[in-house]
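K.L.:
Structure below; questions to follow.
There are 2 protein chains.
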Amino acid sequence: MHETEEDRADAWFHALSDRTRRDILRRVLAGESSVSALARKYDMSLTAVQKHVAVLERAGLITRRRAGRESLARGDVEAVRSVQTLLTELEAVWRGRIARIDQLLESSAQED
Amino acid sequence: MHETEEDRADAWFHALSDRTRRDILRRVLAGESSVSALARKYDMSLTAVQKHVAVLERAGLITRRRAGRESLARGDVEAVRSVQTLLTELEAVWRGRIARIDQLLESSAQED
DNA sequence: ACAACCTACAACCCTTCGGTTGTATGTTGG
DNA sequence: CCAACATACAACCGAAGGGTTGTAGGTTGT
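These protein sequences, in sequence, are chains A and B. Residue 17 in full-length UniProt numbering sits at position 17 of the first sequence, with consecutive numbering throughout. Residue 44 in full-length UniProt numbering sits at position 44 of the second sequence, with consecutive numbering throughout.
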């Protein structure tokens with residue numbers, strides 16, 4: 001079902017709920033960067049940054065490619081747009097003009 | 001500072017990172033609803049739903065008004081738009097056309 | 001008046017999160 | 001070759017999350 005879609009949304013918003021991760025995302029949207037280069041910019045261990053990058057990657061907000069000994073991360077702007085789209089759908093619910101409103105609202109409950 | 005702005009973003013994304021809360025938000029965007037009416041739609045205790053509503057309220061995504069014995073929640077579409085705006089700024093970083101890019105990227109670190 | 005209803009909140013439980021240190025492995029440049 | 005560097009990952013820790021039950025107080029309708 002679209003159970004998966006909710007999972008994706010969980011991952012997206014959770015990934016974005018940490019300011020360090022948002023900052024990392026900004027940086028790798030502006031330009032590819034290695035994990036250790038990123039780590040140098042924050043007052044925390046390399047491992048901590050590694051974990052943040054992993055969370056962003058699992059959420060699909062960034063991608064990584066191997067380049068020799070370093071792992072280069074790049075922001076995925078399409079994923080960011082998907083999150084925006086999700087919010088736009090919320091807005092559409094408000095405006096009362098979404099066709100899928102039943103599915104959206106019936107997703108995890110019954111009317112009364 | 002805009003430390004506060006990061007705090008707001010933390011609260012927004014954290015509030016949105018739970019599917020029950022997103023569902024509640026959809027419902028109260030579609031129309032005002034009491035907490036107990038919401039609670040009837042989910043397979044969890046009233047207290048759990050109360051907490052979810054409280055999280056959404058603290059994040060500024062919904063507002064509440066008292067009507068006799070019930071507390072009516074309503075979604076704040078302006079707040080949803082603010083979250084979208086934040087994502088649009090991320091997109092703008094990617095496109096390299098945001099003027100405030102320095103502030104955005106210098107927010108919690110130094111260049112190297 | 002009073003039973004049914006709605007909300008509020010404390011206390012507790014288990015899991016997840018964000019961080020740490022420590023160890024291991026692969027890569028590079030001189 | 002080998003030292004410096006980049007990544008990976010396990011193990012641990014305290015704090016925060018999401019859920020529960022239990023108790024209590026305001027509202028409402030008959």
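Glycine is no exception: its CB is placed at the ideal position from the N, C-alpha and C atoms.
Secondary structure at Ser34(A), three-state DSSP: helix, strand or coil?
P.N.:
Ser34(A): strand per DSSP, three-state reduction.
K.L.:
Counting pairs of beta carbons, one from the region 27-39 of chain B and one from the region 69-87 of chain B, are three or more of them closer than 8 Å?
P.N.:
yes
K.L.:
Thinking just about the alpha-carbon of each residue, which of Arg26(A), Val55(A), Ala54(A) is nearest to the one in Lys41(A)?
P.N.:
Its Cα nearest to that of Lys41(A), the residue Arg26(A) stands out among Arg26(A), Val55(A), Ala54(A).
K.L.:
At what residues does the beta strand (DSSP E) containing Ala73(B) begin and finish?
P.N.:
70-75
K.L.:
Which of the three DSSP states is assigned to Ala59(B) in this structure?
P.N.:
coil
K.L.:
Once the 5 residues before and after Gly96(B) are set aside, which same chain residues still bring their CB inside 8 Å of it?
P.N.:
none
K.L.:
Any beta-carbon of chain B closer than 8 Å to the one on Gln84(A)?
P.N.:
yes
K.L.:
Considering only C-alpha positions, which residue in the set Leu56(A), Ala48(A), Ser36(A) is nearest to Ala67(A)?
P.N.:
Ser36(A)
K.L.:
Tell me whether Arg95(B) sits in a helix, a strand or coil according to DSSP, three-state version.
P.N.:
In this structure, Arg95(B) counts as helix in the three-state DSSP scheme.
K.L.:
Is Arg22(B) helix, strand or coil when you go by DSSP?
P.N.:
helix
K.L.:
List the DSSP bridge partners of Arg64(A).
P.N.:
Ala73(A)
K.L.:
Would you call residue 179(B) buried or exposed, if buried means 16 or more other Cβ atoms sit within 10 Å of its Cβ?
P.N.:
The requested residue 179(B) is not part of the displayed model; chain B covers only 1 to 112.
K.L.:
Once the 5 residues before and after Arg64(A) are set aside, which same chain residues still bring their CB inside 7 Å of it?
P.N.:
Glu57, Ser71, Leu72, Ala73
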